[in-house]
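Quick note: this note's numbering has the sequence shown finishing at residue 249, numbered continuously throughout. A virtual CB, placed ideally from N, CA and C, is assigned to each residue, including glycine.
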Amino acid sequence: MPDRLSLQNTSSKALESAISITQQRHNIISSNISNLETPGYKPKDIDFKTAMAQALDSEPKTGLARTNTGHIGRDNGSEPEVEPFEENGEWNGFNWVSIDKVMNTMTENNLIYRVATETLLRKIAIMKEVIREGGR
């Protein structure tokens with residue numbers, strides 16, 4: 114039977130993965146914005162759904178945990194793959210960066226990040242309350 118109060122349960126790991134992926138994606142999106150005026154620049158991105166699927170599939174199915182970074186463990190592929198530029202993008206006569214698309218992507222990414230962080234914070238608050246009430 115799974116331990117429902119575990120700090121490392123599946124939903125917490127999924128939320129942590131979502132937060133990590135959106136942070137990495139934010140850096141890539143910021144790079145796209147920074148290169149807005151770079152001639153011929155081709156924007157990059159991370160496919161959030163694919164990265165989440167990889168992160169969740171990489172979790173070990175056993176109860177074993179790597180307690181020391183020196184221990185041998187499986188490569189969990191924690192770095193999502195950066196998608197190469199697709200040629201069907203919009204050429205603006207200068208480069209392939211569409212500020213509208215980049216800002217939409219940034220907004221979507223920010224929303225996912227906020228939902229994941231707020232959900233994780235609520236889970237932690239519930240666990241704190243359970244611990245507090247359990248001591249009575």
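Item to check | Coarse secondary structure for residue 210, derived from DSSP in three states | outcome: coil
Item to check | Environment of residue 222 [buried if 16+ CB atoms lie within 10 Å] | outcome: Its Cβ being crowded by 16 or more others within 10 Å, residue 222 is buried.
Checklist entry - With a cut-off of 8 Å, do at least 3 Cβ pairs link the region 138-151 to the region 237-248? => result Put simply, the region 138-151 does not touch the region 237-248. Fewer than three CB pairs are less than 8 Å apart.
Checklist entry - Looking only at C-alpha atoms, which of 212, 164, 213 sits nearest to residue 136? => result Among 212, 164, 213, the Cα nearest to that of residue 136 belongs to 164.
Next on the checklist: What does the Cβ neighbour count give for residue 171, buried or exposed, with the cut at 16 atoms within 10 Å?
Outcome noted: exposed
Checklist entry - Contact check, residue 132 vs residue 230 under 8 Å by CB: the rounded distance? => result 6 Å
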